[in-house]
Ligand SMILES: Cc1ncc(COP(=O)(O)O)c(C=O)c1O
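Numbering (this note's numbering), first residue to last: 933 to 1409.
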C-alpha cells in the first residue's frame, strides 16, 4: 500500500512544477537559509566531502551550492527552502518504504522510549532476537544465523571473516567494477574506482583477485549473451581449477547479484546459478552482497531468489531498516560452525551491534515488505518504467547506449554508439532533473549511467512525472 495516494502525489507534482518556475525566475544564488548552512558546511565538514559541492566555485568549477534537505514524506523530500523533490534514488536505495514512514517512525519512537541502546554481544535484547528470527525466516534456504553491524561495509567485512574462518583460506575473488564499501577491509574488495584506493594503497590487503563481471553490453570477452556460454564465468572457473601464481588459497567469491554503483549491470539469466555451481564444484564459498539489491528492490525479496540461488553468506544493509544504520551478514550453520565459541571475548563485535532501535525498525520494515507485497510492486513498477524508458531510448540511439534493470533498480547508460561513455550527458541530466524537482544519481565506472532506485512505495504519478521530464530533457539534448 503506497503511503501517499496517487492523487495526493499528483497534486504535489503540479505544485512542484509551478513553484520551479518561480525559483528559476528568482535565481538560485539569492541569500537564503540554505546559503547560510552551506557556508557552515564548507567551514566545518572535511573538505574531501564539501569541496566537491560547496563554496569552491572558483577553485573547482562548481556552479551551484548543494541542496540541503530538511524533511521527507513517502517518495518526496523537501529542502530547507521548502522546495519539494521526487526522490528517484530513495537516498542511496535506503528509503524503500518511503521517507518518514509512519509505521517505521512509530516503531523507532516506541523502542527509543523503552531502550535506546543495549549490550550487543554481552546481553541481547528481545528486539534483537526477534529481528534475527525474522531475518532468518525471510532469507533464502538455510541462511539462518547472522552477525549484525551498522554499515554495509562492516557487513561485507564480517562476511569475509566468516569465509576465512570456515575455509582457513584467505583469498577472495571479486568482480571488476564491484562496490562493497570503503572502510579498509571492504576497500580491499571494491574495484569501482581506483581513486578510492590510491591514497591508501599500502594499507589495503592484496589478497583479492578480480575477474570480469557479466557486463554484456561491454563484454570483456567480446561475446554475445545468447551464445557466449558465460565466458566470464569460465574464466573464473579456470582460475579456480589452475590458480596462477599468487592466486591460490581462495576462500570465497563475492558478487553483487546486480552491480549497483558499477552501473546497474544486470547479468543474463542463469549467470548467478552457474556461479553458484562453479563455487560448489570447486569448494569455495559464495558470498552475495545484497546490500543494494536486498529487501524487494529487484522485484524479489532478494535478487538471488530470481534464480533460486542460495549463497553461503549474504550481506544486507540499506533497506533492511529503510533509514536506521543497521546491517548484517547472514550465513548457513555449516559456515558458522567454524566460528569459535565466545568463551572470553567475542572476536568480532562492536559497541552498537544489534542496536535495539535499529532492530525494532528492521522488524517493522520486514513486516511491511511482506504484508504490502512490496517486491511484487517493485517488479510491476519497474517493468513499467523500463518499458517506457526503452521507448525513449529508441528515439535517441545516438546517446542512449543501454536501458537495463530489474524491479526498481534501473540504469540508463549514456554513450556514443561506439560505446564511448558520455559522462557529460549523464551528469548534465542529473543536474537538469534536480532543477526540475527530481533527484537522481549517476553510477557506472565513468559516471555515465543515470541510476534509478526509487522507494518501493513510489506512487505511479511520480514515475510518470519522472518519465515526462526525462523525455523532455533527453529530447532537447
Ligand atoms: C552492494 C553494496 N555493498 C556495500 C555497500 C557499502 O555500504 P555502506 O555505504 O553502508 O558501507 C554498498 C553501498 O552503496 C553497496 O551498494
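For glycine and all other residues, C-beta sits at the position ideal for the given N, C-alpha and C.
Quick caveat, the model's predicted, so the values are computed rather than measured.
- A distance of 8 angstroms or more separates the beta carbons of residue 1335 and residue 1354.
- For residue 1296, the enclosing alpha helix (DSSP H) stretches over residues 1288-1303.
- Taking each of 1148, 1077, 1133 in turn and checking the Cα distance to residue 1333, the smallest one comes out for 1148.
- Contact annotation, residue 1388 with residue 1317: C-beta distance approximately 13 angstroms; criterion of less than 8 angstroms not satisfied.
- Residue 1110 is positioned such that its CB atom lies closer than 8 angstroms to that of residue 1122.
- Residue 1397 has its alpha-carbon roughly 36 angstroms from the corresponding atom of residue 1126.
- Where residue 1313 is concerned, the enclosing alpha helix (DSSP H) starts and stops at 1306-1327.
- Between the beta-carbon of residue 1207 and that of residue 1187 there is about 6 angstroms, and that keeps the pair under the 8 angstroms contact cut.
- Inclusion of residue 1193 in the 7 angstroms shell around ligand 1 follows from its C-beta lying nearer than that to a non-hydrogen atom of the ligand.
- A direct Cα-Cα distance of roughly 10 angstroms separates residue 1268 from residue 1075.
- Between residue 1124 and residue 1194, the alpha-carbon positions lie close to 6 angstroms from each other.
- Here residue 1037 is exposed. Its C-beta has fewer than 16 other C-beta atoms within 10 Å.
- Assigned with DSSP and collapsed to three states, residue 1134 falls in helix.
- Of 1393, 1405, 1327, 1282, the smallest CA-CA separation from residue 1051 is found for 1282.
- Assignment of residue 1015 by DSSP, reduced to helix, strand and coil, places it in the coil class.
- Secondary structure note for residue 1002: its beta strand (DSSP E) is the uninterrupted segment 1001-1005.
- For the options 1180, 1291, 1184, 1070, the alpha carbon positioned closest to that of residue 1307 is the one of 1070.
- Residue side-chain check: residue 1234 keeps its Cβ at 7 angstroms or more from all non-hydrogen atoms of ligand 1.
- Taken through DSSP and simplified to helix, strand or coil, residue 1031 comes out as strand.
- The alpha helix (DSSP H) runs lying completely inside the region 1201-1239 and spanning 4 residues or more are 1203-1213, given in chain order.
- By the C-beta density criterion, residue 1054 is exposed, having fewer than 16 other C-beta atoms within 10 angstroms.
- Rounded to whole angstroms, the gap between the alpha carbons of residue 1363 and residue 997 is 12 angstroms.
- For the pair residue 1382 and residue 1372, the CB atoms are nearer than the 8 angstroms cut-off.
- Ranked by how close their Cα comes to the Cα of residue 1408, the residues 1357, 1274, 1374, 1083 have 1357 in first place.
- With respect to the 8 angstroms criterion, residue 1118 and residue 1085 are classified as neighbours on the basis of their beta carbons.
- With a minimum length of 4 residues, the unbroken runs of alpha helix (DSSP H) contained wholly in the region 1351-1394 fall at 1355-1367.
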